[in-house]
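K.L.:
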Ligand code: SF4
C-alpha cells in the first residue's frame, strides 16, 4: 500500500480505523486532539460506521469506551496527560474490571509543557494501574501499535495504555497501512459479573490482575517493540525509551551507536532484558522522554549497584523534553549548538486573537473590579487563560479544569469578598457544573463569569457540549434566575454590561454572568464554509 | 542528500503552507521526510516554528539537532534570529524583512535589519511588498519559498509542480499567481547570492 504522510496522532487514528475499532471517544486537549478529529473527518471511518464523539470530559469518554469494550467491540479513548487525571477513577478501575472488546487508552504527554500546566508522565499512571503500556518511537510504530495493542488487550482482557508525547503527536512522517480488519461482533463478556466491582468480586478480579503481571512482563520480553541492539563497547549500556532512541542514533554516523542499546516500547519493563544489559555493561545510561521511571527502578532506593546515569544524577536535565543535543551531551559528545540568540530578540507570547470576545470581557471585568484590591479572580483552562498576561493581567489562578469556581468558593469561605470565577463554556460543562452546585448549596458569595464563545477554542474549535444549555444548567443547579445575566461582550453595550457586572459582583450569593459571542476563529471558518457552499450551489445551478 | 530546515514565523502567518509545498515536492522526488509542527496554545500570535527534515536516507529524529540546520526560512525578521542556535555554521538564513508587530517591545527596525545583515550567509527581502506588486498580497509566503529555493536541492520544477498540486482546486489564476511569487522570490535570492559571491 502507498505510504501516507501522517502526524503521530493521525497514525494512531488510522491505525484504529484499520484495526477494526468501532468507536473513539475523547475530550479535546493538546496534543491529543487530532486523533479523534482525524476519525471524525475520515470518509472511510464514516463508511465503516465508526462512532467518533467528544465527551463532556475525559471521564465520560473513558467510561463510554469501557462500555463499548463491555459490549465486545474495539474502542479507543484519547486525552492529554492531565485528562488522564480526570479519567483516573474509571481508568484505574478498568484495569480491575478488565476489557472485553479491545480497549486502548491514549494519553498524550507534553514534556516541556508546550501547551499544558504540568509534564506528568503517564507511564507512571499505567504502572500504578498495573496495565500494559505501549510507547511508540515513531509514526509507523504508532500505527502498528494500535493493531498490536488491540490484540494484546483482547488476549489478556485488559485495557492497554498507549503513551505518546507532543513531539510524536505533532510530527509527520510516512506511514504504511495494513489491510482493514473487520470490526468485532457484539458479544457480551463471558462472565457477566466481570464488570461488577463489588468488594467480593473486585477482590477476585484484583487478584487476577496481579496474577497476570508475570504474563504482561513476559509479553514485554517477547515484544517486537523491545529489543537489544548489541554492540561491542560495553563500557556503557543504553536504555532508550520511545522517541529517545531516535535522538540517540541521530548523533551517530549511519545511526550506528558503538554501545549496546536496549530499546523499550512496551511495559511493564522487561526485567530479563534489562538484567542482561545491566550484567554485560559497566555503566547504564537511561534515556526517557519524561520522568525517570526505568531509571528509578534501576537505581532503587539506595543506588548501591553500578552507576546509573540519567535524569536523577544530572546527566540529563531533570525536566523538559529530550532532544538530540541533550542526548549528545549525556553521551559526552560536544554540543553542536550554533550562534546565540541576539539580545534584541524579545519573547513573543501567545495572545488572544484580534476580535476575540474575551478581550472585551476581561477589560470590562477589570473595570468592574477596579474599586477592590487585586488578586480575587480565579480562572481556568482555555484561551482565556491568556488573561493572565499583559495587557489584561486580569486573573490570579489557572490550575485544572473547573478549579476556577471551586477555588473562588474556597476563597469566599475564607472571607475574600468579592471572589470571581472566570471559566469557558466547554470547561464549565467539563468540570465546572459540580463546583457550581457546591457553591449554590453553600450559598457562597461568588460571581461566576462563563465566557461563552460557543466552542472549545484553544484546541481549534471543537463542538462544545455546553452550546445552548448554559443558563438552563445554571438555573437547574439552583442559581436564581435573576442572577443569571447574559451580556453581549461588545464595547457598544459597555455601560449596560458594566452596570450588570457591578450589580452581580455586589450580590451576596451565587451569581452567573454569561458574556456570549462566538469565537472569531470558528466564526470565520463558518463564514468561509458557507461561502464555499453557496458558490458550489450557484455553480451547480 | 539531506536538508534540515527550520521554518519560522508568528502564529497565524501560515508557515505550514511553505512546509506543505516543500514536503509535497520532496515526496514526489522520492525523498524521506519528517516534519514537526506546532499546534495548540502557541499558535495564537506567539512565535512558532516547524522542523522540516528531508533526506534520501532514513531520518531518525523529528527534531533537528541544534547547530545542524541547513537553513532557516522565516516569514518574519525578528523570528528568523530566534532560531540561530539551530543553524549550522555554514547554514543560510532566508527571511522576510516585513515585521509583524504584536508586542510592545519590538526591537528597532534598523538594528534588527543590521543584525540580519551581519549574518554570514543570508537572503533578506520584503516578501509582502513583492507579493503586493504582483497583485497578490496573500502569496508572500511563496515569495519566501522562492527565495529559499536555490538552497533546497530539490529541482525547481518539482516545487512548481507541488504548487500546481496544492492549489489545483483553487483554479489556474491562483496557481499562476503563486508560481509568479515563487519565481520573484527566486530572482531576488539569485541576485543576492551573486552579490555576496563578488
Ligand atoms: S481561538 Fe477564539 S476564543 Fe481563542 S483567542 Fe481566538 S477568538 Fe478567542
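Protein chains in written order, with my numbering: chain A, 1 to 541; chain B, 1001 to 1198. Beta carbons: idealized from backbone N, C-alpha and C, even for Gly.
Residues of the region 341 to 359 of chain A in Cβ contact with chain B at a cutoff of 8 Å, in chain order, please.
P.N.:
From the region 341 to 359 of chain A, only 341, 342, 344, 345, 346, 347, 348, 349, 350, 351, 352, 353 have a Cβ closer than 8 Å to chain B.
K.L.:
Mind checking whether residue 1186 (chain B) and residue 1131 (chain B) have CB atoms under 8 Å apart?
P.N.:
No; because the gap between Cβ atoms is not below 8 Å, this pair is not in contact.
K.L.:
Check the DSSP bridge columns for residue 512 (chain A) and list the partner residues they point to.
P.N.:
A:448, A:484
K.L.:
Would the beta-carbon of residue 353 (chain A) be found less than 7 Å away from any heavy atom of the ligand SF4?
P.N.:
yes
K.L.:
Residues bridged to residue 1105 (chain B) by DSSP?
P.N.:
In the DSSP secondary-structure assignment, residue 1105 (chain B) is not bridged to any residue.
K.L.:
How would you call residue 111 (chain A), buried or exposed, if buried means at least 16 neighbouring beta carbons within 10 angstroms?
P.N.:
buried
K.L.:
If we call anything under 8 Å between Cβ atoms a contact, is residue 436 (chain A) one with residue 448 (chain A)?
P.N.:
yes
K.L.:
What are the partner residues of residue 1125 (chain B), as DSSP defines its beta bridges?
P.N.:
For residue 1125 (chain B), which the question treats as bridged, DSSP gives the partners B:1096.
K.L.:
Considering residue 360 (chain A), what are the terminal residues of the alpha helix (DSSP H) in which it resides?
P.N.:
357 to 368
K.L.:
Answer with buried or exposed for residue 491 (chain A), where buried requires no fewer than 16 other C-beta atoms within 10 angstroms of its C-beta.
P.N.:
exposed
K.L.:
Please identify the residue among B:1162, B:1073, B:1032 whose C-alpha is closest to the C-alpha of residue 3 (chain A).
P.N.:
B:1032
K.L.:
Just to check, is the beta-carbon of residue 519 (chain A) closer than 7 Å to a non-hydrogen atom of the ligand SF4?
P.N.:
yes
K.L.:
Between the region 204 to 218 of chain A and chain B, which residues of the former have a C-beta closer than 7 Å to a C-beta of the latter?
P.N.:
none
K.L.:
Measure the beta-carbon distance from residue 464 (chain A) to residue 404 (chain A) and round it to whole angstroms, keeping in mind my assumption that it falls under 8 Å.
P.N.:
So it is not a contact: roughly 16 Å between Cβ atoms.
K.L.:
Should residue 1189 (chain B) and residue 1137 (chain B) be called a contact, given that it needs their Cβ atoms to be closer than 8 Å?
P.N.:
no
K.L.:
Using 7 Å as the cut-off, classify the Cβ of residue 1044 (chain B) as near or not near the heavy atoms of the ligand SF4, replying yes or no.
P.N.:
yes
K.L.:
Closer than 8 Å, CB to CB, is residue 1061 (chain B) near chain A or not?
P.N.:
yes
K.L.:
Does the beta carbon of residue 1185 (chain B) come closer than 8 Å to any beta carbon on chain A?
P.N.:
no
K.L.:
Does residue 174 (chain A) get closer than 8 Å to chain B when you measure Cβ to Cβ?
P.N.:
Cβ-Cβ to chain B under 8 Å: yes for residue 174 (chain A).
K.L.:
Nearer than 7 Å: is that true of the beta carbon of residue 358 (chain A) relative to any heavy atom of the ligand SF4?
P.N.:
With a cut-off of 7 Å, the C-beta of residue 358 (chain A) is classified as near the ligand SF4, since at least one heavy atom of the ligand falls inside that distance.
K.L.:
Just to check, is the beta-carbon of residue 453 (chain A) closer than 7 Å to a non-hydrogen atom of the ligand SF4?
P.N.:
yes
K.L.:
Starting from the beta carbon of residue 167 (chain A), find every residue of chain E whose beta carbon is closer than 8 Å, and list them in chain order.
P.N.:
Given the protein chain composition of this structure (A and B), no chain E is represented.
K.L.:
Take the Cβ of residue 155 (chain A) as the centre, count every other Cβ of all protein chains shown within 10 Å, and call the residue buried at 16 or more, exposed below.
P.N.:
Classification for residue 155 (chain A): exposed.
K.L.:
Let me confirm a value: residue 187 (chain A) is counted as buried when at least 16 other C-beta atoms fall within 10 Å, else exposed. Which label applies?
P.N.:
exposed
K.L.:
Below 8 Å CB to CB, which residues in the same chain sit around residue 1183 (chain B) once its five sequence neighbours on both sides are set aside?
P.N.:
1146
K.L.:
Looking at residue 1012 (chain B) and the ligand SF4, is the gap between the Cβ and the nearest heavy atom below 7 Å?
P.N.:
no
K.L.:
Please return the same chain residues whose Cβ sits closer than 8 Å to the Cβ of residue 525 (chain A), not counting the five positions on each side in sequence.
P.N.:
461
K.L.:
Once DSSP output is grouped into helix, strand and coil, what is the label at residue 119 (chain A)?
P.N.:
If DSSP states are grouped into helix, strand and coil, residue 119 (chain A) belongs with coil.
K.L.:
Report yes or no: do the region 83 to 103 of chain A and the region 149 to 163 of chain A share at least 3 C-beta pairs separated by less than 8 Å?
P.N.:
yes
K.L.:
Which residue comes first and which comes last in the beta strand (DSSP E) that contains residue 69 (chain A)?
P.N.:
Looking at the DSSP string, residue 69 (chain A) is not in any beta strand (DSSP E); the run it does join, the alpha helix (DSSP H), is 58 to 70.
K.L.:
I'd like to confirm something about residue 458 (chain A): is its beta-carbon nearer than 7 Å to some heavy atom of the ligand SF4, or not?
P.N.:
yes
K.L.:
Helix, strand or coil for residue 1176 (chain B) per DSSP?
P.N.:
helix
K.L.:
Could you pull the DSSP bridge partners for residue 1051 (chain B) from this structure?
P.N.:
B:1006, B:1036
K.L.:
Can you look up residue 1070 (chain B) in the DSSP assignment and give me helix, strand or coil?
P.N.:
strand
K.L.:
Using a beta-carbon distance below 8 Å, is residue 1088 (chain B) in contact with chain A?
P.N.:
yes
K.L.:
Sort A:220, A:256, A:223 by Cα distance to residue 232 (chain A) and report the nearest one.
P.N.:
A:256
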